[in-house]
Amino acid sequence: MSVHSSANIKRITTHILQEMKNRGEKISMLTAYDYSMARIVDDAGMDIILVGDSASNVMAGHETTLPITLDQMIYHASAVVRAVKRALVVVDIPFGSYQGNSTEALRSAIRIMKESGAHSVKVEGGSEIKESVIRILSAGVPVMGHLGLTPQSIYKFGTYTVRAKEESEAKKLLEDAMLLEACGCFAIVLEKIPASLAKKVAESVTIPVIGIGAGGEVDGQVLVMHDMLGITQEFKPRFLRQYADLEDIMKKAFVQYIEDVKNKDFPNESESY
Ligand code: KIV
Numbered sequence: 010m011s012v013h014s015s016a017n018i019k020r021i022t023t024h025i026l027q028e029m030k031n032r033g034e035k036i037s038m039l040t041a042y043d044y045s046m047a048r049i050v051d052d053a054g055m056d057i058i059l060v061g062d063s064a065s066n067v068m069a070g071h072e073t074t075l076p077i078t079l080d081q082m083i084y085h086a087s088a089v090v091r092a093v094k095r096a097l098v099v100v101d102i103p104f105g106s107y108q109g110n111s112t113e114a115l116r117s118a119i120r121i122m123k124e125s126g127a128h129s130v131k132v133e134g135g136s137e138i139k140e141s142v143i144r145i146l147s148a149g150v151p152v153m154g155h156l157g158l159t160p161q162s163i164y165k166f167g168t169y170t171v172r173a174k175e176e177s178e179a180k181k182l183l184e185d186a187m188l189l190e191a192c193g194c195f196a197i198v199l200e201k202i203p204a205s206l207a208k209k210v211a212e213s214v215t216i217p218v219i220g221i222g223a224g225g226e227v228d229g230q231v232l233v234m235h236d237m238l239g240i241t242q243e244f245k246p247r248f249l250r251q252y253a254d255l256e257d258i259m260k261k262a263f264v265q266y267i268e269d270v271k272n273k274d275f276p277n278e279s280e281s282y
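Counting in our numbering, the sequence shown runs from 10 upward without gaps.
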């Protein structure tokens, strides 16, 4: 089922992603937070694996992405990096570790790169975090931007609805995208904005634009693994395509195992020494 031959692995770099945009080849990106899942995702041929701060939600059960710490992100990222042979690994710098203080931003990015072995970092925001972005880039760390619905600002937005429907917010988003490109970001994620605006951004910048709930006229797509596998059953936004119902499959396996243990069917003779 693998879309690439493991015998012929060529690591995905930011340069390769740029070439993909240039020739119109779409970029695939998915989140992963642990070794076992990252190994499967990488073997399937994913271009980018994002160690998202959505780990705060899907791994730790928090309501928002805000509580996850830098140490916890580094823990998840190291596990993912140990599994990955081909994909570019991007790690979210968590809330409170880069905003408003470019020295702290640089320190956080360097810790992620040094301690996890990841290949790049992602930050949320535009002009407000310009100094932090420039400082991180100055150390040679590739930076991916993230605009639109930026979950670290959820308490400012007050809701997870579509962003940048108003002219003024759309204008700022486009300006921020161009600013991030001018600073030297290698790509930008656009989350939950009108498809027409996302198309305009993708046409206005030369770097790859990856969408989540941003329509099909961008350079690639990203989803949260647990959402697309049907593990987070309660989260079903319009943009989400669910590729499997793993909750059902896993629950059936767990129920069967319980039954087998209770009925003394497991282990049988061939499963014993
Ligand atoms: O943390 C995350 O999973 C993300 C994606 C939604 C892009 O930032």
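Every residue, glycine too, gets a C-beta built ideally from N, C-alpha and C.
query                                                                                                         : result
CB contact flag (I36, G220, <7 Å)                                                                             : no
Rounded Cβ spacing between L97 and T23 (contact assumed at less than 8 Å)                                     : 7 Å
Ligand 1 heavy atom lying under 6 Å from the CB of D254                                                       : no
DSSP-derived helix/strand/coil call for K123                                                                  : helix
Close beta carbons around S14, own chain, < 7 Å, minus the five adjacent residues each side                   : With a pLDDT of 44 at S14, under the threshold of 50, the predicted position of this residue should be treated as unreliable, though the coordinate-derived value follows. Nothing meets the Cβ criterion.
Where T78 sits in the DSSP three-state scheme                                                                 : coil
Which residues DSSP lists as bridging D101, in chain order                                                    : K131
Three-state secondary structure (DSSP) of S37                                                                 : strand
Residues bridged to L59 [DSSP beta-bridge criterion]                                                          : T40, V99
First through last residue of the alpha helix (DSSP H) which encompasses M259                                 : 255-271
Own chain partners of L183 with C-beta closer than 8 Å, once the 5 adjacent residues on each side are dropped : L206, K209, V210, S213
Spatially closest choice to L226 from E28, E34, K19, by CA coordinates                                        : Rather than Leu, the amino acid found at residue 226 in this sequence is Glu. Checked all of E28, E34, K19; the closest Cα to E226 is E34.
Rounded straight-line distance, which links the Cα of T40 to that of V233                                     : 5 Å
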